[in-house]
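Engineer: Structure below; questions to follow.
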Amino acid sequence: MNIQVQQKPIGAVLFQYDIYPEKIETVGKVKKVFSANGVYALKEAKMNQEEADWFVHVIRRLERIGFHYVVPILPTKYGDYIVRYNEQAYYMMPWYEDNTEFRHPVHPEEVMVEELARLHGLTERTQEYSEEVLEESYETLKRRWGYRRLEMERYADQIEGNVYLSPFELTFLTHFQRSLYMADEAEKHLSSWIEGAKHKKSFRSVLCHGKPSRKHACFDKYGTAYLLNFEKAVLDTPSRDLALLFRHFFQSRPWDEQEGQHWLHLYERHFALFEEEKHLFISYLAFPESIYQAVDAYKKKDNAMTELQAVTQLERKILTMNRVQRFMTSLFEKKENE
3 MNIQVQQKPI GAVLFQYDIY PEKIETVGKV KKVFSANGVY ALKEAKMNQE
53 EADWFVHVIR RLERIGFHYV VPILPTKYGD YIVRYNEQAY YMMPWYEDNT
103 EFRHPVHPEE VMVEELARLH GLTERTQEYS EEVLEESYET LKRRWGYRRL
153 EMERYADQIE GNVYLSPFEL TFLTHFQRSL YMADEAEKHL SSWIEGAKHK
203 KSFRSVLCHG KPSRKHACFD KYGTAYLLNF EKAVLDTPSR DLALLFRHFF
253 QSRPWDEQEG QHWLHLYERH FALFEEEKHL FISYLAFPES IYQAVDAYKK
303 KDNAMTELQA VTQLERKILT MNRVQRFMTS LFEKKENE
C-alpha cells in the first residue's frame with residue numbers, strides 16, 4: 003500500500019524515510035540528498051497506481067531471481083517502496099556515483115550489452131502461442147510505419163514544389179529515396195519475423211528495461227554497471243530492448259558494422275536470439291524513424307534550433323542510417339554464406 007502525502011513534496015517524502023537532509027542538490031531528474039546517515043537519490047516519476055505497482059513488482063522480481071546489477075529501491079519506514087504526492091510518485095535509492103574512469107580498461111557499451119543479455123536470460127518466458135496476437139502485433143507496427151512513411155512522402159512532394167529549398171529540405175530530399183529503401187527493408191524483415199514465428203508456432207518474452215541507455219546505468223570504479231530507471235519496464239520481445247540499446251549507441255558515438263557485430267556477438271554469448279528475433283531486431287533498427295523525427299521537429303518551426311543545427315542533426319541521423327544498412331547487410335550476408 004502506498005502512502006498519500008498531503009504536505010510539501012520533498013520534506014514530506016523524506017519524512018517517510020526518517021531522512022533529515024543537510025543539503026539537497028538537483029542532478030538531472032534526481033534530488034541528491036545529503037544526510038548524516040549517508041547520501042541518497044530521490045527520484046520523482048509520473049506513474050499512476052497501476053504503473054507504480056508494476057514498477058515495484060519488477061524491482062522485487064529482479065531481487066528474487068538474483069539479478070544484482072540494479073540500483074536498489076529503498077523502502078520507507080512503513081515498508082512501502084513508493085510515496086505518492088498528488089499526481090507524482092517518488093522513490094528512494096542509495097546514491098551511486100557514476101564513474102567514467104576505471105581501474106582497468108572498460109568499454110561501457112560492451113558492459114551494458116552483456117548485462118542486458120543477462121537480464122533477458124534470467125527473465126525469459128515462452129508465451130502461449132497465439133497467431134491472433136502475432137498478427138495483431140505485426141499489423142499494428144506495419145500500419146504505424148505505413149502512416150509515418152506516407153507523412154514523409156507528402157512532405158517530400160510538398161517541398162519539391164518549392165522554388166527555393168532550404169538546406170534542411172535539400173538534405174532531406176537528397177537522401178529520401180535511401181530512407182524509403184530502409185523502410186522497405188524494415189518491412190521485409192518484419193515479414194520474415196512473423197513467418198518464422200508462425201512456422202515455429204512459438205514466441206518468447208523477456209523483461210525489457212524499456213529505456214536502456216548509458217544515462218540509465220551507474221558504473222563503479224571496476225567497470226560494473228548498475229541499471230536504474232525501470233519505470234518503463236515491460237514484458238516484450240528481447241529484440242525491442244536490444245534495438246533500443248543499439249539505437250542509443252549509434253546516436254551517441256561513431257561506430258561501424260564490425261563494432262555492431264561485436265556488440266551483437268557479446269549479447270549472444272549470454273542470450274542467443276532466434277533467427278526470427280534477429281529479423282525483428284533488424285527491422286526495428288532499419289526503419290528510419292529518427293530521420294522522420296528530425297523532420298517533425300523541423301516542421302514545428304519553434305526556433306529551438308538554427309537551420310545549421312537542424313541540418314547537422316539530420317546529417318548525423320542519415321550517417322547512422324547508412325551505417326545501419328551496412329550492419330544489416332553484413333549480418334545477413336554472413337548468414338547466407340554459412
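In the numbering used here, the protein residues as written are 3 to 340. For each residue, glycine too, the CB sits at the ideal point set by N, CA and C.
Identify which residue in Tyr98, Ala47, Lys34, Gly40 has its Cα closest to the Cα of Leu229.
Structural biologist: When only C-alpha atoms are compared, the closest one is Tyr98.
Engineer: Could you check the C-alpha separation between Asn101 and Leu287 for me, to the nearest Å?
Structural biologist: Cα to Cα, the separation comes out at about 29 Å.
Engineer: For the beta strand (DSSP E) containing Arg24, list its first residue and its last residue.
Structural biologist: Sequence inspection shows Glu at residue 24; the Arg mentioned does not correspond to that position. 23-29 is the span of the beta strand (DSSP E), which, as asked, contains Glu24.
Engineer: On the three-pair Cβ rule with 8 Å, is the region 316-335 touching the region 218-225?
Structural biologist: Short answer: they don't touch.
Engineer: Tell me the rounded alpha-carbon separation between Arg105 and His70.
Structural biologist: Going by the C-alpha atoms only, they are around 21 Å apart.
Engineer: Per DSSP, what kind of secondary structure is Thr1 in: helix, strand or coil?
Structural biologist: An answer regarding residue 1 cannot be provided, because it is not within the stretch 3 to 340 covered by the chain.
Engineer: Would Asn88 be called buried (16 or more neighbouring beta carbons within 10 Å of its own) or exposed?
Structural biologist: The residue in question, Asn88, is exposed, as its Cβ has fewer than 16 Cβ neighbours within 10 Å.
Engineer: Rounded to whole angstroms, what is the Cα-Cα separation between His59 and Leu118?
Structural biologist: Rounded to the nearest angstrom, the two C-alpha atoms are 19 Å apart.
Engineer: Under 8 Å between the Cβ atoms of Gln129 and Arg206?
Structural biologist: Their beta carbons are under 8 Å apart, which means Gln129 touches Arg206 by this criterion.
Engineer: Looking at the unbroken alpha helix (DSSP H) that takes in Gly262, where does it start and where does it end?
Structural biologist: Unbroken alpha helix (DSSP H) run through Gly262: 259-272.
Engineer: How far does the alpha helix (DSSP H) with Glu189 in it reach, from first residue to last?
Structural biologist: Per DSSP, Glu189 belongs to the alpha helix (DSSP H) from 178-202.
Engineer: Restricting to Cα atoms, I'd like to know which of Val115, Leu16, Ala158 is closest to Glu171.
Structural biologist: Closest option to Glu171, Cα to Cα, is Ala158.
Engineer: Going by DSSP, what residues sit across from Arg150 in a beta bridge?
Structural biologist: According to DSSP, which records beta bridges pairwise, Arg150 is partnered with nothing at all.
Engineer: Please list the terminal residues of the continuous beta strand (DSSP E) segment that includes Asp238.
Structural biologist: Note, Asp238: beta strand (DSSP E), 236-238.
Engineer: Below 8 Å on the Cβ atoms is my guess for Pro96 versus Leu121; work out the distance and round it to an integer in Å.
Structural biologist: Wrong, their Cβ atoms sit about 20 Å apart, outside the cutoff.
Engineer: So, does the region 60-68 touch the region 15-34, judging by three or more C-beta pairs under 8 Å?
Structural biologist: Verdict: no, contact absent.
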